[in-house]
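Numbering (the working numbering), first residue to last: 26 to 200.
Just so you know, even glycine gets a beta-carbon here, dropped at the ideal spot from N, CA and C.
Notes to accompany the following structure.
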């Protein structure tokens, strides 16, 4: 039997998957669907939704949950799409351990996703700008979408230094 939290997580991921079918230009158009979003709750729900996928791929997700709400103005499904893309990348390329943390810094919320894999194959700004090759999207499409979502919400996607693996941060302005 599915718990209420698990059903909410599945509902959020289904919505995220539906939005993933839209092209990147839709990110800009849909940025107007804004409301107050508790990023702490959104990330907790996304982590719960991705746990089964992580386990199936031999990975474990740890989450340092915020003790209080962290509010941003934004489109809940698009933000879930960005967080889901970061989790999916970390699970696929991360080498087993995926750590998710939330931080509040001067006027912004940071969603940090860290993995123990080989790290990024190129600087993040190059991965975010990649286009298509012979009509097919190059690898890094998920990061490109996450970067577009961050920009549409007045934030940014960044890579931080790491001794091992990738350390990606989605920065969003607080309300």
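CB residue i to CB residue j, shorter than 8 Å?
i: residue 140; j: residue 190; result: yes
i: residue 35; j: residue 79; result: no
i: residue 137; j: residue 154; result: no
i: residue 184; j: residue 145; result: yes
i: residue 169; j: residue 175; result: no
i: residue 40; j: residue 111; result: no
i: residue 63; j: residue 95; result: yes
i: residue 122; j: residue 84; result: yes
i: residue 72; j: residue 135; result: no
i: residue 67; j: residue 108; result: yes
Tell me whether residue i is buried or exposed, calling it buried when 16 or more other Cβ atoms sit within 10 Å of its Cβ.
i: residue 202; result: The requested residue 202 is not part of the displayed model; the chain covers only 26 to 200.
i: residue 70; result: buried
i: residue 7; result: The structure shown does not extend to residue 7, since the chain spans only 26 to 200, so no value can be given for it.
i: residue 173; result: buried
i: residue 65; result: buried
i: residue 177; result: buried
i: residue 27; result: exposed
Please list, in chain order, all residues of the same chain as residue i whose beta carbon is under 8 Å from its beta carbon, the five residues on each side excluded.
i: residue 113; result: 75, 78 and 167
i: residue 143; result: 118, 120 and 190
i: residue 133; result: 180, 196, 197, 198 and 199
i: residue 93; result: 65
i: residue 186; result: 192
i: residue 30; result: 70 and 73
Check the DSSP bridge columns for residue i and list the partner residues they point to.
i: residue 61; result: 98
i: residue 85; result: 122
i: residue 70; result: BP columns for residue 70 are empty, so no partner.
i: residue 35; result: According to DSSP, residue 35 bridges with nothing at all.
i: residue 192; result: 139
i: residue 183; result: 194
Could you pull out every residue in the same chain whose Cβ sits closer than 6 Å to the Cβ of residue i, ignoring the five residues on either side in sequence?
i: residue 91; result: 65 and 127
i: residue 99; result: 59, 62 and 178
i: residue 87; result: 124
Should residue i be counted as a contact of the ligand ATP given a C-beta to heavy atom distance under 7 Å?
i: residue 81; result: Because no ligand of any kind appears in the structure shown, any question about the ligand ATP cannot be addressed here.
Leaving aside the five residues before and after residue i along the sequence, list all residues of the same chain whose C-beta is less than 7 Å from its C-beta, in chain order.
i: residue 171; result: 107, 110, 111, 182 and 195
Checklist entry - At what residue ranges does the stretch 88 to 152 contain a whole run of the beta strand (DSSP E), taking only runs of 3 or more? => result 96 to 99, 122 to 130 and 133 to 140
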